[in-house]
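Chains as they are written, first to last, in the working numbering: chain F, 11 to 440; chain W, 11 to 440.
The beta-carbon is built from N, C-alpha and C at its ideal position, and this holds for glycine as well.
Presented below is the structure to which this report refers.
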């Protein structure tokens, strides 16, 4: 460590536990110190020359049509939280490995999946979208027709209503990674046709208040969507991160209802039925309703709450000794843009505002970061987000007091990670 | 067509050839008209019921660790423009199929490739980055060390200096898709460590003016980079669209120099050598220099110019008859954000400003769109972009008059597509 290290460190501190200001750190001349001194003495050791590794001694592989990740990244895959349910055939879900990702975009191969009847394999040439019910004229759209309609592009997260259910339901915190604990959320750039344009073409009857959307998976997952939401920012999504939707995200078309719980973003969508009242489908009369602690049941709980998770470091990781780190995580809200994310490195006694990575977009994942000097002592890291409406993440106790003990949906409480003296990172309810 | 169609169409016109205002169109009640009337009479034809297709009659496939595109999208792949050069082993490149993509992000499997010695296959555990030369202390960074450094995230395009070389060099316009003609450009969300932080840790000697960067591919592609660029916005990129770099984009690490020609964004980077003068490497003394029409040679031509291409419609596509369409394309500039994109549907006689998809980010691809009513007559579509510095795309004639006949790099002239009466779309120099 350089002379004056502690003085310069102290001058950058913004909260307890070693949280630092990025701006003050940049001017301090304080180095992370992760690098090793390089040794360029090559005498007598040409074969061991570190500047000419084996793979640089002959030409590599040719170009290829569609690339795949490096073989060394085989561990970076979706975790199969529920591989396949035989009693309810095809009920299965997999989580995005948030702890291995950086930035905000989820690559298409790692976008989380929830299937109620398996992954449908649809021939796009034989697929249609019908708009019917309270419309002036019932319409059928095939893909060739849809290609001519005006398209828009937006980055949005999709989060399963049941994301983080282990933390909601288990009395003792499960020790698992962010993929298992919080991986039922992903973020992508979606391109498609505004529902308002398609509905206008069918001619909306003034009596219509709801759009009952159904998909072409085996259980025909169906949800009632307020017409106003569909007309405001609902999208028939055809493309995901530039290319056509992947099968597990609803190929060849899905609904995108920014900020609404995942299952309402109907995959493999084939029918939009305009009605005066909601349909009370099986997916909204039993499933996807939440029992509250006073015994009442919340139905039609559309929007996902404001939420944040520190992904680096997070449970199952090990810190490589005391020193400087960058705390990094993700925040999102179904109600709008993220306004602030605060981080604590002393178990909630003090907090500092994290830096938000621009552009901060509404109903999209926002990456937050903050420099941190870990002194090697045990402590607890936490993050809490506030969105543009002023909504704040609750503590776990506050969340649990609102919902019945068996409720696991819409869990958005503050996540705490305990850092051990050995560098271990554990899930704790604190 | 509804009554008053032509009146409403005329009220939305913003330029010749049928270019329309999105805002005026939205209020006009004008329908695209691509949909068919739906027939819900199911009597006696239960098996042909279009609402219960075959794939909805049984549960689908289970979740999986890493997803792949639908089997019906097999044609959406990189085009192997130069598969593998045996005389210069491994010299090869493939283009992004821009004509099949929407939005702005290029999915990682489709990011263009240019290899001078094939795709290197590097064991990340054995890879190092050295910073040496005019520094206070030479440093060696392995991946474990780099993981602790502060990371930033930005969306940026990378474009090969030779992108669009067919249009630059061929006397007769080649009839091929955007993948062949313009596919050596892609756009991704990159995450990595600012070079300024790594260089500061090594301690930059005041005499240093250049950073000579070299990669661990077989030909050890090396370029001299102005130190000021490296310090301003240079990045050691580790992640691409959230996940680790793909091998063909430099796994486990590459340089990102926003706006600079592709080859300078050194892939598989292993050495940053700080010097007083450029190194005049083989890749910048012969290759990647441009002969001008006056006989002089331009070396160190770093930044890519302002450019735009209409991707929908584009050559090799066929229009499905007269009527409403959305013209859609991509624009980018190495000097900053896109300021405007103008579109002509009458071969350049009149122009209208396209809508730019937000957020419009500096040195990143920007999607532009404009509604268009094609009356079925032959015409020529064109787009021209202006960036934040005021730079404009040249015509092909203006570009050709600046460069020697054999120069094919840094071609950014206006692209024209001829629409035939039969709906065909052809590459033309107009």
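With contacts defined by Cβ atoms closer than 7 Å, residue 279 (chain W) and residue 223 (chain W) form a contacting pair. Between the region 228-237 of chain W and the region 113-132 of chain W, the count of C-beta pairs closer than 8 Å reaches three or more; the two stretches touch. Secondary structure at residue 119 (chain W): helix, using DSSP grouped into helix, strand and coil. If you draw a straight line from the Cα of residue 134 (chain F) to the Cα of residue 153 (chain W), it is about 43 Å long. Note on residue 93 (chain F): under 16 other CB atoms within 10 angstroms of its CB, so exposed under the neighbour-count rule. In the DSSP assignment, residue 76 (chain W) forms no beta bridge with any residue. With a threshold of 7 Å between beta carbons, residue 153 (chain F) makes no contact with chain W. Using a Cβ-Cβ cut-off of 7 Å, residue 199 (chain W) is close to 113, 114, 115 of chain F, given in chain order.
Any Cβ of chain F closer than 7 Å to the Cβ of residue 146 (chain W) would place that residue at the interface, and such an atom is absent.
Remark: fewer than three beta-carbon pairs, one from each stretch, lie closer than 8 Å, so the region 32-50 of chain W and the region 320-327 of chain W are not flagged as touching. Annotation: the continuous alpha helix (DSSP H) that includes residue 412 (chain W) extends over 406-412.
Neighbourhood of residue 161 (chain W) in chain F, by CB distance below 8 Å: 112, 336, 338, 379, in chain order. Take the alpha-carbon of residue 81 (chain W) and the one of residue 137 (chain F): they are about 15 Å apart. Contact with chain W is found for residue 88 (chain F), since one of that chain's Cβ atoms lies less than 7 Å from the residue's Cβ. Put simply, the CB of residue 42 (chain F) is near chain W, with a gap under 7 Å to one of its CB atoms. In the three-state scheme derived from DSSP, where H, G and I count as helix and E and B as strand, residue 81 (chain W) is classed as helix. Secondary structure at residue 312 (chain F): coil, using DSSP grouped into helix, strand and coil. Cα atoms of residue 365 (chain W) and residue 351 (chain W): separation of roughly 8 Å, rounded to the nearest angstrom. With a cut-off of 8 Å on Cβ pairs, the region 188-207 of chain F is in contact with the region 165-177 of chain F, counting three or more such pairs. Put simply, the CB of residue 128 (chain F) is near chain W, with a gap under 7 Å to one of its CB atoms. Here residue 425 (chain W) is buried: its Cβ has 16 or more other Cβ atoms, across all protein chains shown, within 10 Å. Shown here, residue 161 (chain W) sits in coil according to DSSP, grouped into three states, outside any helix or strand.
For the pair residue 271 (chain F) and residue 243 (chain F), the Cα-to-Cα distance works out to about 15 Å. From the beta-carbon of residue 298 (chain F), no residue of chain W is found nearer than 9 Å; the closest lies around 19 Å away. For residue 347 (chain W) and residue 398 (chain W), the gap between their C-alpha atoms comes out near 5 Å. The beta-bridge partner set that DSSP reports for residue 362 (chain F) consists of F:353.
Between residue 185 (chain W) and residue 437 (chain W), the CB-CB gap stays under 7 Å.
Here DSSP, grouped into helix, strand and coil, assigns residue 232 (chain F) to strand. Remark: three or more beta-carbon pairs, one from each stretch, lie closer than 8 Å, so the region 379-399 of chain W and the region 332-341 of chain W are flagged as touching. For the region 238-270 of chain W, the residues whose beta carbon sits under 9 Å from a beta carbon of chain F are, in order, 248, 249, 250, 251, 252, 253, 254, 255, 256, 257, 258, 259, 261, 262. Taking 3 residues as the shortest admissible run, the region 255-325 of chain F contains the following complete beta strand (DSSP E) segments, listed from N- to C-terminal end: 264-266, 279-285, 317-322. For the pair residue 302 (chain F) and residue 421 (chain F), the Cα-to-Cα distance works out to about 12 Å. When the beta-carbon positions are compared, residue 418 (chain F) and residue 218 (chain F) stay at least 7 Å from each other. Under DSSP, residue 381 (chain F) takes part in a beta bridge, and its partners are F:336. Taking 7 Å as the cut-off, the Cβ atoms of residue 393 (chain F) and residue 339 (chain F) count as close.
When secondary structure is reduced to three states using DSSP, residue 109 (chain W) falls in the helix class.
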